[in-house]
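Chemist: Sharing a structure, written as structure tokens. Questions coming.
Number of protein chains: 2
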Amino acid sequence: MTNVNPESAGADVFDRFYGVIPAGGVGTRLWPLSRAAAPKFLHDLTGSGSTLIRATYDRLAPLSDDRVMVVTGLLHRSAVLAQLPEIQQENLVLENEPKDSAAAIGLAAAILYQRDPSIIMGSFAADQVITPVEVFQETVREAIHTAAQGYIVTIGIHPTHPSTGFGYIKAGEPLEIEGAPSAHAVVEFVEKPSEDTARGYLRSGNYSWNAGMFVAPVALMLKHLLENEPELHAGLMEIAEAWDTENRREVVLRVWPTLPKTAIDYAVAEPAAAAGDVAMIPGIFSWDDVGDFAAIGRLNPAAENSELTVMGDGARVYSEDASGIVVSDTKRVIALIGIEDVVIVDTPDALLVTTKDHAQEVKKAVEHLKASGDTDVL
Amino acid sequence: MTNVNPESAGADVFDRFYGVIPAGGVGTRLWPLSRAAAPKFLHDLTGSGSTLIRATYDRLAPLSDDRVMVVTGLLHRSAVLAQLPEIQQENLVLENEPKDSAAAIGLAAAILYQRDPSIIMGSFAADQVITPVEVFQETVREAIHTAAQGYIVTIGIHPTHPSTGFGYIKAGEPLEIEGAPSAHAVVEFVEKPSEDTARGYLRSGNYSWNAGMFVAPVALMLKHLLENEPELHAGLMEIAEAWDTENRREVVLRVWPTLPKTAIDYAVAEPAAAAGDVAMIPGIFSWDDVGDFAAIGRLNPAAENSELTVMGDGARVYSEDASGIVVSDTKRVIALIGIEDVVIVDTPDALLVTTKDHAQEVKKAVEHLKASGDTDVL
Chain A
1 MTNVNPESAG
11 ADVFDRFYGV
21 IPAGGVGTRL
31 WPLSRAAAPK
41 FLHDLTGSGS
51 TLIRATYDRL
61 APLSDDRVMV
71 VTGLLHRSAV
81 LAQLPEIQQE
91 NLVLENEPKD
101 SAAAIGLAAA
111 ILYQRDPSII
121 MGSFAADQVI
131 TPVEVFQETV
141 REAIHTAAQG
151 YIVTIGIHPT
161 HPSTGFGYIK
171 AGEPLEIEGA
181 PSAHAVVEFV
191 EKPSEDTARG
201 YLRSGNYSWN
211 AGMFVAPVAL
221 MLKHLLENEP
231 ELHAGLMEIA
241 EAWDTENRRE
251 VVLRVWPTLP
261 KTAIDYAVAE
271 PAAAAGDVAM
281 IPGIFSWDDV
291 GDFAAIGRLN
301 PAAENSELTV
311 MGDGARVYSE
321 DASGIVVSDT
331 KRVIALIGIE
341 DVVIVDTPDA
351 LLVTTKDHAQ
361 EVKKAVEHLK
371 ASGDTDVL
Chain B
1 MTNVNPESAG
11 ADVFDRFYGV
21 IPAGGVGTRL
31 WPLSRAAAPK
41 FLHDLTGSGS
51 TLIRATYDRL
61 APLSDDRVMV
71 VTGLLHRSAV
81 LAQLPEIQQE
91 NLVLENEPKD
101 SAAAIGLAAA
111 ILYQRDPSII
121 MGSFAADQVI
131 TPVEVFQETV
141 REAIHTAAQG
151 YIVTIGIHPT
161 HPSTGFGYIK
171 AGEPLEIEGA
181 PSAHAVVEFV
191 EKPSEDTARG
201 YLRSGNYSWN
211 AGMFVAPVAL
221 MLKHLLENEP
231 ELHAGLMEIA
241 EAWDTENRRE
251 VVLRVWPTLP
261 KTAIDYAVAE
271 PAAAAGDVAM
281 IPGIFSWDDV
291 GDFAAIGRLN
301 PAAENSELTV
311 MGDGARVYSE
321 DASGIVVSDT
331 KRVIALIGIE
341 DVVIVDTPDA
351 LLVTTKDHAQ
361 EVKKAVEHLK
371 ASGDTDVL
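The listed protein sequences derive, respectively, from chains A and B. For the first sequence, the UniProt record's numbering assigns the number 1 to the initial residue and increments by one for each residue that follows. For the second sequence, the UniProt record's numbering assigns the number 1 to the initial residue and increments by one for each residue that follows.
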């Protein structure tokens, strides 16, 4: 661990906690429901009545006494404000153009550092589904205590199957941290594995899924960013210094387009792990990144006496011997007859028909449509 | 045979020929493409560029020197005129309300009889697909020669499989009629059989499908109608007498609603067969009544290198490992991934997703929607 503002565990560490919600990512595998103009985080994909970003805010805000910063695309400004009317203007960070996660999360860290170098940030993507909320919050409290001891703390998701779609976190020895009984050192982050490797990870018991959640002192984040991406660090610091001043617009417009694009994993997490600065709290809550329409089926169980999950206000679905998922984003009548495990997503300008087994391949369709110039529906 | 205006075969029998096209029937199994406001006969279901009613007219008009009468619903007046601009006003018979085939075809017979009692009518439904046209026309010529000898002549379709969806015609001895070498007597009409019975019919070689096509002297049609449905006959004759006068509207509005509803099979064809007045010409052309979406697949073969049949102007379909039929009546992008033998019919207010094997069950969906009050899309 690196000694950046370490202190003993205590209630006051929570006063230094600030929630950050990076809200990017279209959710291509959820096309045509999710798309550039209406990305995944703006949808209620669980039938809970809340969009994913609203649910993310509601999980996080009680931990930070409503101090929450959102980083999103300029295009989504009004939609995000409609979802989170309580967000203060200076805490809504709008990207003129996407610059990948290191710039997005790094800018949040730099702005917060500028306001108060002792802040501990907790970054949680806007498009994940987590229950129960109380277990999540208890996990984050442990992470905050651990971060206060000078760690970048990730939350490791207990793997339920040998997924080849996620990166993994290899845990090391337990850490002895007051208020964080389940904290472990992190040996390394590993990229998405082959299925055989993933099976080995599950057997070993030392690996958990990397859901991109972390809690860390902003000063420690920036220290590693400076070491690994000095150009990015310099640009972000320049923007951050201007952020709460009248120069914000000028500096952002000038500097942001010049920033290198890279992932926070390469810019901070992996080198920090190699330096022994990363800890992990196991997340024993239920977690889903709603990666495809099969997930929608899991998260919205079919009504009793039916094998068909129907999502959408005012959906008009008639089914006979049909099972699967229907997402209705229109008022059209949808009739399904004699078709199993089907996935139907009905939107005003695009229709997807596939099966649960092929849900991951939706991304390919989107790539094809992009290549063929059918960008009006993407 | 009954002696109604018999005469020897000769070119002049064709001068007495009048085509009649009953254009009724929504084509429920083709919902949501076919529906009350846009029934089957108004669609181009073969990708030929012609609607079914236009193709029916084009097959028939050369035989009758353009003397063609169309019987359809009042609702379809302008659509039918748009398809058949050459139809004369007095030959477009509009039903205020549907009264089944005996009234529709009987009215055509009565109006034509009023104009000239020696007319031979040939009635062919507006929603069947027949190729090649020349073989059809040669068959009808034989039927006209046979009708001129005092027969109601049906055209029997050679059965290609033991269908339980059609009625059958049992042929008797060959008739010796000049100009009609393949004419046979008809023993009886039989209703839709069980599959076992249908197999027996196919084995016997004496049965053909009843496609509801017939050619007959109007006087003979009316004679049997008078015997079997005197009330219907009286009403139709009253309308027919007023048809080409200024009283048409008054009489139609008064009499039509009072007419009994029955099928031409019961009112004329079956009793006429029992009386020995029915003959049959085998139709050796290819015939399809486009009974469901599986037929659309047969009639619109998939493009080479593809197992997916796509119908619809400007359809925007992306497919990956998909086979079946897509009927696109919108400009929406339709993406199909990993789904086989699917049937997708995409219209502005209703979407059908089923499989070829379940194509016949579409009717059930329509009945359900009717029962549940979703009549806006029917």
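Beta carbons are placed, not taken as given, at the ideal position from N, Cα and C, and that holds for glycine.
1) Look at the Cβ atom of P159(A), then the Cβ atom of S208(A), and state whether they are nearer than 8 Å.
2) In or out: D289(B) buried (at least 16 other Cβ within 10 Å) or exposed?
3) If you follow the beta strand (DSSP E) that A273(A) is part of, which residue opens it and which one closes it?
4) To the nearest angstrom, how far is it from the Cα of L336(A) to the Cα of H161(B)?
5) What residue does the alpha helix (DSSP H) around residue 379(A) start on, and which one ends it?
6) So M121(A) packs on A216(A), CB below 8 Å; how close in whole Å?
7) My guess is that A126(A) and I21(A) are in contact by the Cβ rule of under 8 Å, so how many angstroms apart are they, rounded?
8) Check for me: the beta strand (DSSP E) holding S328(A) runs from which residue to which?
9) Just checking: is the beta-carbon of T245(B) within a distance shorter than 8 Å of some beta-carbon in chain A?
10) What's the gap between the Cα of L220(B) and the Cα of D277(B)?
11) According to the Cβ coordinates, are Y113(A) and M69(A) closer than 8 Å?
12) Let's test the definition: count the other Cβ atoms within 10 Å of the Cβ of D12(A) and tell me whether it reaches 16, buried, or not, exposed.
13) In chain order, what residues of the same chain have a beta carbon less than 6 Å from the beta carbon of L92(A), not counting five sequence neighbours either side?
14) Tell me, which residues are paired with M69(B) by DSSP?
15) Report yes if the C-beta distance between F214(A) and I152(A) is below 8 Å; otherwise report no.
16) Can you tell me whether Y151(A) is helix, strand or coil according to DSSP?
17) Fully enclosed by the segment 144-232 of chain B, which alpha helix (DSSP H) runs are 4 residues long or longer?
18) Closest to E320(A) by CA distance: which of V333(B), F293(B), A359(B) is it?
19) Could you tell me which of E86(B), G283(B), P271(B), E231(B) sits nearest to T258(B), measuring between CA atoms?
20) Tell me, please, which residues DSSP counts as bridged to P282(A).
21) How should Q83(B) be labelled, buried or exposed, when 16 other C-beta atoms within 10 angstroms of its C-beta is the threshold for buried?
22) Give the residues from the segment 26-38 of chain A that approach chain B closer than 7 Å (Cβ to any Cβ), ordered along the chain.
23) With distances taken from CA atoms, which of L81(B), E95(B), N96(B) is nearest Q89(B)?
24) Under the three-state reduction of DSSP, which class applies to R141(B): helix, strand or coil?
25) CA-CA distance, G312(B) and Q128(B)?
26) Is the separation between the beta-carbon of S78(B) and that of A263(B) shorter than 8 Å?
27) Does the segment 322-337 of chain B come within contact of the segment 346-354 of chain A, defined as at least 3 CB pairs closer than 8 Å?
28) Whose CA, out of D376(A), E138(A), D44(A), K40(A), lies closest to the CA of P181(A)?
29) When the cut-off is 8 Å and only beta carbons count, does K364(B) lie next to chain A?
30) CB A109(B) to CB L222(B), shorter than 8 Å?
31) Among I130(B), S118(B), V135(B), L45(B), whose alpha-carbon lies nearest the alpha-carbon of A147(B)?
32) T375(B) CB to nearest chain A CB: under 8 Å?
33) Taking only the alpha-carbon atoms, compute the straight-line gap between A274(A) and D196(A) and give it to the nearest angstrom.
34) Would you say L236(B) and A103(B) are within 8 Å of each other, going by their C-beta atoms?
35) Please report the Cβ distance between residue 381(A) and D341(A), rounded to the nearest whole angstrom; I am assuming they are in contact, meaning their Cβ atoms lie under 8 Å.
36) Are the beta-carbon atoms belonging to T154(B) and I169(B) less than 8 Å from one another?
Modeler: Based on what the coordinates show:
1) yes
2) buried
3) Per DSSP, A273(A) belongs to no beta strand (DSSP E); it is in the alpha helix (DSSP H), 270-274.
4) Taking the straight line joining both Cα atoms gives about 28 Å.
5) The shown model of chain A, from 1 to 378, leaves out residue 379(A), and the question about it has no answer.
6) 6 Å
7) 5 Å
8) 316-328
9) no
10) Distance from the CA atom of L220(B) to the CA atom of D277(B), rounded to whole angstroms, is 9 Å.
11) no
12) exposed
13) Excluding positions up to five away in sequence, the list reads V70.
14) Answer by DSSP bridge pairing, in chain order: V20(B).
15) yes
16) coil
17) 195-204, 218-228
18) Taking only the C-alpha atoms, the option nearest E320(A) is A359(B).
19) Of the candidates E86(B), G283(B), P271(B), E231(B), the one whose C-alpha sits nearest the C-alpha of T258(B) is E231(B).
20) For P282(A), which the question treats as bridged, DSSP gives the partners G156(A).
21) Classification for Q83(B): buried.
22) For the segment 26-38 of chain A, which is checked against every Cβ of chain B, not one residue is closer than 7 Å.
23) L81(B)
24) DSSP places R141(B) in helix when its eight states are reduced to three.
25) Computed Cα separation, rounded: 19 Å.
26) Cβ distance not < 8 Å, so S78(B) and A263(B) don't count as in contact.
27) yes
28) Out of D376(A), E138(A), D44(A), K40(A), E138(A) has the C-alpha closest to the C-alpha of P181(A).
29) yes
30) Yes.
31) S118(B)
32) The C-beta of T375(B) comes no closer than 8 Å to any C-beta of chain A.
33) 25 Å
34) yes
35) Residue 381(A) falls outside the range modelled here, since chain A spans only 1 to 378, and no answer is possible.
36) T154(B) places its beta carbon less than 8 Å from that of I169(B).
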